[in-house]
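Note sheet for the following structure.
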Amino acid sequence: MSAAVSSAAESTTPNAAVSRSVRLVRVIVLLFSGMAIAFSATMHEQLGFDLGITSAALGAIAVAHLIEWFARRSTSRSSLPLLLGVVAVAAAVAIPLSSSAIGFAVLIAAWSLVSALLEFIGAAVQPGSRQDSTLLGGAGVLLALLALLVREDPVAVLGFFGAYAVIAGVFLGISAFDTRAHDGRSTSDSAAVAGAPAAEQSSADAR
1 MSAAVSSAAE
11 STTPNAAVSR
21 SVRLVRVIVL
31 LFSGMAIAFS
41 ATMHEQLGFD
51 LGITSAALGA
61 IAVAHLIEWF
71 ARRSTSRSSL
81 PLLLGVVAVA
91 AAVAIPLSSS
101 AIGFAVLIAA
111 WSLVSALLEF
121 IGAAVQPGSR
131 QDSTLLGGAG
141 VLLALLALLV
151 REDPVAVLGF
161 FGAYAVIAGV
171 FLGISAFDTR
181 AHDGRSTSDS
191 AAVAGAPAAE
201 QSSADAR
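Numbering follows UniProt numbering, in which position 12 of the sequence shown is assigned residue number 12; successive positions increment by one, without gaps.
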């Protein structure tokens with residue numbers, strides 16, 4: 001009976017959040033990518049440069065996702081960060097192989113849409129396990145739509161990608177320093193842990 005109570009308590013306890021330093025890795029990568037795109041505007045007319053800087057940014061984003069996955073492995077069975085990292089790696093590898101503006105736009109749209117869907121799935125399956133997943137999902141869908149609308153203008157596509165990186169980085173940074181969400185998780189964890197012995201005692205009294 002005590003084992004059943006313990007498992008019930010564990011099932012109601014959300015996955016432990018990763019440390020702030022791990023979350024800030026993704027924030028730094030996104031903000032740096034957005035700033036690098038913004039401050040290299042004079043070179044955006046060169047398709048080769050656009051492909052290169054986007055590929056580098058996606059590669060760095062993939063590394064940030066994989067770091068989060070490694071950090072979560074001991075406390076969570078979620079494979080979402082791993083999937084996000086794999087998708088980003090695939091996009092980072094495919095983009096330099098594109099030889100046209102339309103191909104560049106389609107790859108950006110595909111990456112952002114798949115990542116958005118993964119964020120939405122993560123928010124639905126494990127509520128509260130990731131910060132701003134709904135916002136990131138919505139931003140990803142918007143980026144995909146905008147990239148397809150301006151598919152023949154690689155400068156605009158790169159600009160929208162940079163704007164996405166800055167917006168996502170800002171909101172993830174705010175979440176990383178938001179103590180209210182952390183306090184809420186800590187309170188629920190404490191309540192679950194405290195409730196388990198009480199349930200065991202009630203079961204013993206009933207017997």
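We treat Cβ as the ideally placed atom computed from N, Cα and C, and that holds for glycine.
Asked: First and last residue of the uninterrupted alpha helix (DSSP H) at His65; Found: 47-72
Asked: Range covered by the alpha helix (DSSP H) that runs through Ala88; Found: 80-94
Asked: Glu152 - DSSP class collapsed to helix/strand/coil; Found: coil
Asked: 8 Å Cβ cutoff met for Ile37 and Ile53; Found: yes
Asked: Range of the contiguous alpha helix (DSSP H) that encloses residue 213; Found: A query on residue 213 cannot be resolved here, the shown segment of the chain reaching from 1 to 207 and no further.
Asked: Neighbour-count burial assignment, Ala41, 16 or more Cβ in a 10 Å radius; Found: exposed
Asked: Among Ala101, Gly85, Leu136, the one whose alpha carbon lies nearest that of Tyr164; Found: Leu136
Asked: Contacts around Ala139, its chain only, beta-carbon distance under 7 Å, and the 5 residues preceding and following it disregarded; Found: Tyr164, Ile167, Ala168
Asked: Run of the alpha helix (DSSP H) containing Leu97, from where it starts to where it stops; Found: Looking at the DSSP string, Leu97 is not in any alpha helix (DSSP H), and its letter there is neither H nor E.
Asked: 7 Å Cβ shell around Phe171 - same chain, five flanking residues per side excluded; Found: Asp132, Leu135
Asked: Residue nearest to Asp153 in terms of C-alpha spacing, selected from His44, Leu58, Gln126; Found: His44
Asked: Residue from Ala71, Ser78, Ser115, Arg72 with nearest C-alpha to Ala90; Found: Ser115
Asked: Nearest candidate by alpha-carbon position, reference Ile121, set Leu80, Val87, Val106, Ala147; Found: Leu80
Asked: Beta-carbon contacts of Ala109 that lie in its chain and below 6 Å, excluding the five residues immediately before and after; Found: Ala144, Ala147, Leu148
Asked: Integer Cβ distance of Leu58 from Ile95, believed to fall under 8 Å; Found: 7 Å
Asked: Proximity winner among Ser33, Leu158, Val86, relative to Ala56 (alpha-carbon distances); Found: Ser33
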